[in-house]
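Take the sequence shown: its letters are residues 270 to 627, numbered as in our numbering. Following: one structure in structure tokens, then a few remarks.
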Amino acid sequence: MSMLREPMLEPFDDAAETPPDERPYLSVVIPVYNELESLPPLHRELMEVLERQPYPSEVIYVDDFSSDGSRELLREMASTAPAAQVQVKALYLRRNYGQTAAMAAGFQESAGVVVVPMDADGQNNPMDIPRLLEVFEGGFDCVSGWRRDRKDKAISRKIPSAVANRLIGRLSGVHLHDYGCTLKAYRGTILRELRLYGEMHRFIPLYLARIGARVTELAVDHRARVFGSSKYGSRRIFKVFLDLFLIRFMVRYSTRPLHFFGKTALLFTAMLCGTVSLMVALKYGWFRLIGSSYQASFVQTPLPSLAGTFFVAAVLSIFIGIVAELLVRVLFESQNTVPYAISARFISPAVPQRTAMR
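Next comes the structure, spelled out in structure tokens:
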């Protein structure tokens, strides 16, 4: 039995260890999975854009265990001396974790005031980065890209995406045209406080809006894929709809789950009352069917079993809500976390005055 030995990169400093005056203004995070042909032209375009900017930047490629040679290419790109104000980093993941994990790894390694994720397939245009930053500097915490003229197949990609975006907006209250666009600009200090799991990268604007961040969107260019093939299939649509329910719960009920399960219990109770009323109406012949009364005893219909099911579901919803409330309190108390975020802190004049932004 042979073991695969992964090539190792030289470690680089974490953002917390970088002196403030040496930190880049912009961090571009690019998750990579089998994009060998797309990487060279994307890297050239990105360097051309960043080298013309008046601020220092860093590009962080996160390889999600590619098998087509992308890892070796990223190592070469990271070791090649770029422009003085642009630093290139490569990060290898030990196995294929998925896009959300790759993006989360890149976010935690970033040090920029602004963090811009983008796809490695070349469909995002690096020329849109300065435009995102211009809107961002207007006082926003998140500028979400909107692929208004999307160059994808209509049936398998564009139509399901449009339906999902509309549902996400209705359920969350944060109305964006394109949640699935990777190209966005985030305030780095807020973004690095998030912990992303599962497939939740597309819902980052919802998390930020939930803690009071200012979110807007900007129409960006979207180009047809030239190399390789999409890593997403029709199965992703089902996953997105499942995530919708989780997001609805996280955005509105994460700190008060009993309210959610209480509403569920009320729904089952209403269904229970309706079923019992129908049972009584059938028992005493109050139910009319095509002009004539119809009478049936309780044991002649499945309604008693249905009523019992609704009763059990209502009771279980209440108890699940109580357990969820206890788990939320355990989470906050064990991890010393709080259900809010502080945007600024002011120190009294008795000590050197400063404002610490988070």
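Quick reminder that beta carbons are idealized off the backbone N, C-alpha and C, glycines included. Remember, predicted model here, so these are calculated numbers, not experimental data.
C-beta atoms of residue i and residue j nearer than 9 Å
i	j	result
L452	G414	yes
T485	C411	yes
F529	R521	yes
A371	P300	yes
V331	A347	no
H491	N394	yes
Y448	I437	yes
E468	D512	yes
V297	L319	yes
D418	G367	no
L305	S335	yes
Y294	S326	yes
P402	V489	The sequence as given places Leu at residue 402; Pro does not occur at that position. It is not a contact, given that the beta carbons lie outside the stated cut-off.
R464	V382	no
V443	L475	yes
M548	A582	no
S307	D421	no
L551	A565	yes
Per-residue burial, residue i [other beta carbons within 10 Å of its own, 16 or more giving buried]
i	result
C542	exposed
G375	buried
P280	Confidence in P280 is poor, its pLDDT being 41 and thus under 50, which makes the residue's placement unreliable; the coordinate value appears in the next sentence. With fewer than 16 other Cβ atoms within 10 Å, it is exposed.
P386	buried
F588	exposed
E286	Confidence in E286 is poor, its pLDDT being 44 and thus under 50, which makes the residue's placement too unreliable to answer from.
F514	exposed
V432	exposed
F537	buried
A534	buried
G590	buried
A353	exposed
A493	exposed
S546	exposed
Q392	buried
I342	It should be pointed out that residue 342 corresponds to Leu in this sequence rather than to Ile. Burial call: buried.
V328	buried
G457	buried
R435	exposed
R340	buried
Y455	buried
S441	buried
Reduced DSSP category for residue i - H, G, I as helix; E, B as strand; rest coil
i	result
S441	helix
R461	coil
Y361	strand
L600	helix
I559	Note that I559 has pLDDT 48, beneath the 50 cutoff, so the model's placement of it is unreliable and no number is given.
A454	strand
L305	coil
Q354	coil
D512	helix
P571	coil
T533	helix
L595	helix
I480	coil
E314	helix
S566	coil
R521	helix
T578	helix
R471	helix
T538	helix
G554	coil
G543	helix
V549	helix
R494	coil
Beta bridge counterpart(s) of residue i as assigned by DSSP
i	result
P300	V331
S586	Answer is none; S586 lacks a bridge partner.
A488	W415
S339	S339 is not bridged to any residue.
Q322	Answer is none; Q322 lacks a bridge partner.
L295	S326 and V383
Within-9 Å CB hit, residue i to chain C
i	result
F405	No chain C appears in the structure shown, which is made up of a single protein chain.
Report the residue ranges of all beta strand (DSSP E) runs contained in full by the segment 369-445; include only those spanning at least 3 residues, in chain order.
383-386 and 411-415
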